[in-house]
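*Asks:*
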Amino acid sequence: MKIRYIKIHPDRYRLECLRKDGSATEAELETRGFLKHDLMHFVVESHAQLSDSFYGPIARGMNLEELSSKAMKEKGPPSPPQGEGQSTEIIVSTLQGITGEDEDMEERVKKVSEYLTLLG
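End of the sequence shown sits at 114 in this note's numbering; the numbers just go up one at a time, nothing left out.
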């Protein structure tokens, strides 16, 4: 799948996902709230070869609007949180929150690892 992050305006970008079968899904999103998060998902999922987190289901046919805040509010959060998607979200959110200054990366990784172990 080809993934494109296209700057529309300093405050907005378009995320395009072009699947191998020629189909596509896209969404216009707020740069401040989503771009870093979407890029971090790409890095984590690619590096760890994950297929059931965010981009894997999209590659298999899920549309971006199905993963929107509105859709998630209507469906409700998964209960209990589990699976690859939830674990990936924890890792992405943790890495996204690192500022680089005075951060103890080893300690943060240890805490995330312990939490993921608890989740099974």
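We put the beta carbon where it would ideally sit given N, CA and C, even for glycine.
With C-beta atoms as the reference, is Ser45 less than 7 angstroms away from Gly79?
*Replies:* Cβ distance not < 7 angstroms, so Ser45 and Gly79 don't count as in contact.
*Asks:* In this structure, how does DSSP classify Ile2 when only helix, strand and coil are distinguished?
*Replies:* Correct three-state label for Ile2: strand.
*Asks:* Once DSSP output is grouped into helix, strand and coil, what is the label at Ile44?
*Replies:* One point to set straight first is that residue 44 is Leu, not Ile, in the sequence displayed. Note: Leu44 maps to coil in three-state DSSP.
*Asks:* Identify whether Ile(-3) lies in helix, strand or coil by the three-state DSSP scheme.
*Replies:* It is a strand residue.
*Asks:* Identify whether Arg8 lies in helix, strand or coil by the three-state DSSP scheme.
*Replies:* Looking at Arg8 - three-state DSSP - the assignment turns out to be strand.
*Asks:* Since Thr25 and Pro4 are thought to touch, with beta carbons under 8 angstroms apart, how far apart are those beta carbons, to the nearest angstrom?
*Replies:* Their Cβ separation, rounded to whole angstroms, is 7 angstroms, which keeps Thr25 and Pro4 in contact under 8 angstroms.
*Asks:* Would you report the Cα separation of Thr88 and Val106, rounded to the nearest angstrom?
*Replies:* Spanning the two alpha carbons is a distance of roughly 8 angstroms.
*Asks:* For Thr19, list the residues DSSP reports as bridge partners.
*Replies:* According to DSSP, which records beta bridges pairwise, Thr19 is partnered with Cys11.
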